Amino acid sequence: MTKISFVAALAIMATATACSSKTPPKTPEKIQQAITQKRGDEPVKIIKPAKVADPAMVELGKKLYFDPRLSKSGFISCNSCHNLSMGGSDNLKTSIGHKWSQGPINAPTVLNSGMNIAQFWDGRAKDLKEQAGGPIANPGEMGYTHELAVAELQSIPGYVDEFKAVFGTDKIDIDKVTKAIAAFEQTLVTQNAPFDDWLAGDDNAITKEELEGYELFKSSGCTACHNGEALGGNSFQKMGVVEPYKTTNPAEGREAVTGKDADRFNFKVPTLRNVELTYPYFHDGAAQTLGQAVDVMGKIQLGKAFSPEENAKIVAFLKTLTGEQPAFMLPILPPSSDKSPRHNPFN
Ligand code: HEC
Ligand code: HEC
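Per mature numbering (1 follows the signal peptide of the UniProt record, and there is no 0): the sequence shown = residues -18 to -1, 1 to 329.
Written out as structure tokens, the structure reads:
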């Protein structure tokens, strides 16, 4: 690659925040190709790149995402539970929050979360901005208050300057904080999974076994719920359509939001993008492996018992959905000032 085309590739990838640690950066031609879906009739669609309206706001949001000073302890950031080095999740059954408190439910990935019809397993936040205020003030997560978090940011000159540059005012408030975090999250789109290349027409992008897994995924009916660009995230569905799902987790699903009996145990269908990285699975984190999750889905959603060979093929297909993970310089956070509060995580 010439220097100029490499720089151009970087510029494009900066918008998509996509760059793999496994494979070398793809050329602009390759990225372009993967956007045009040759296999247009498939229920799964090529994931579209993120649109970045305001790069400076994204940069600010990235800092806030990584900043543990938004928590009471001064130790927990969004990245603690949605670790961008681990598929945007924490790989724990349920998360660990303030004072080591045990979370009630499995942490979903933030990758591609901008595509969700709503946020959380039960969809109680309408979008990323509304969601982002939740954890800061949740006693079991970051354990802080919006007022204290904002006052702390206001005491940090580097942030004051940056909010001023992005929002045109040095008066920080929670609305601007959550807006910036959401703008950053919108960029966490994972493009160029092998399966996207296959959808774009590259026959060699996936193996015979992976393709057979996809055929099984379709013919069994998984695509009724896991479809579109994210293979999920676009509807609420019952967990246990054919057979009830047994769990000790008290979450009621969508009913908790709508109050309707019909929504009992309906959960937002999770995306299957990068699902290889986001174990354990289900809202209760009960399925430890992808094989177990596929087995349970077959039985309780579709009344199908897959043979070990069929299960392995579907798992192999699901692993082709791992896209290029977000790659960027680790943000360096502006230091606290003498006026900033000092955190004591132990009281
Ligand atoms: C202590 C762990 C923890 C921290 C810290 C945390 N989260 Fe979460 N996050 C979770 C859990 C658990 C859920 C699922 C809660 C539910 O659905 O009821 C979640 C849900 C989400 C979702 C919804 C994803 C989806 O598919 O529905 C987004 C987006 C998100 N968090 C972003 C953030 C951001 C931004 C921050 C920082 C401001 C943050 N989280 C801090 C644990 C955490
Ligand atoms: C009727 C809709 C529906 C069908 C059909 C369906 N799923 Fe699901 N799937 C869901 C819902 C809803 C969840 C989340 C349930 C929960 O955690 O309570 C889920 C969760 C999953 C998960 C776990 C993802 C995660 O991050 O926790 C995997 C893997 C999965 N499904 C694969 C499949 C496969 C493979 C098939 C076909 C054999 C399938 N699903 C069929 C609705 C469906």
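Ideal Cβ placement from N, Cα and C applies to all residues, glycine included. Note that the structure is predicted; figures quoted are calculated from it, not measured.
For residue i, does the three-state DSSP call read helix, strand or coil?
i	result
K54	coil
F218	strand
I296	helix
S65	The amino acid at residue 65 is misidentified as Ser; the sequence shows Asn. DSSP places N65 in strand when its eight states are reduced to three.
A107	strand
Q136	helix
G210	strand
S71	strand
G173	Checking the sequence, you will find Gln at residue 173 rather than Gly. In the structure shown, Q173 sits in coil (DSSP, three-state: anything other than H, G, I, E or B).
Q113	helix
I154	coil
Q168	helix
G195	helix
V26	strand
Express the C-alpha separation of residue j and residue i in angstroms, rounding to a whole number.
i	j	result
Q274	Q307	25 Å
S319	L193	56 Å
W82	K161	28 Å
G70	V276	21 Å
A183	Q19	The sequence given here places Gly at residue 183; Ala does not occur at that position. Taking the straight line joining both Cα atoms gives about 7 Å.
K153	A233	39 Å
D252	L213	For the record, residue 252 in the displayed sequence is Pro; it is not Asp. Approximately 8 Å, taken between the alpha carbons.
D143	K108	30 Å
K45	F288	45 Å
Y141	P313	13 Å
Q219	I163	28 Å
I87	A114	17 Å
N329	S55	9 Å
N73	C60	14 Å
A147	D36	11 Å
F264	K75	9 Å
T240	N94	25 Å
I78	Q283	30 Å
With burial defined as no fewer than 16 other Cβ atoms inside 10 Å of the residue's Cβ, what is the status of residue i: buried or exposed?
i	result
E134	buried
V26	buried
R21	exposed
N293	buried
R51	buried
A38	exposed
T230	exposed
R324	exposed
S3	Only weak support is given to the placement of S3: the predicted model assigns it a pLDDT of 43, under 50, and the question is left unresolved by the model.
So residue i packs on residue j, CB below 8 Å; how close in whole Å?
i	j	result
S53	Y126	5 Å
N248	G235	5 Å
D269	V278	Residue identity differs from the one stated: residue 269 is Ala in this sequence, not Asp. About 6 Å; that satisfies the 8 Å criterion.
I296	G195	5 Å
H80	G122	6 Å
T169	V40	6 Å
Does residue i come within less than 8 Å of chain D when only Cβ atoms are used?
i	result
E112	Note that chain D does not occur in the displayed structure, where there is just one protein chain.
**OP:** Please list the segments of the beta strand (DSSP E) lying wholly inside the stretch 233 to 289, counting only runs of 3 or more residues, in order along the chain.
**Re:** Entirely contained in the stretch 233 to 289, the beta strand (DSSP E) runs reaching 3 residues are, in chain order, 248 to 250.
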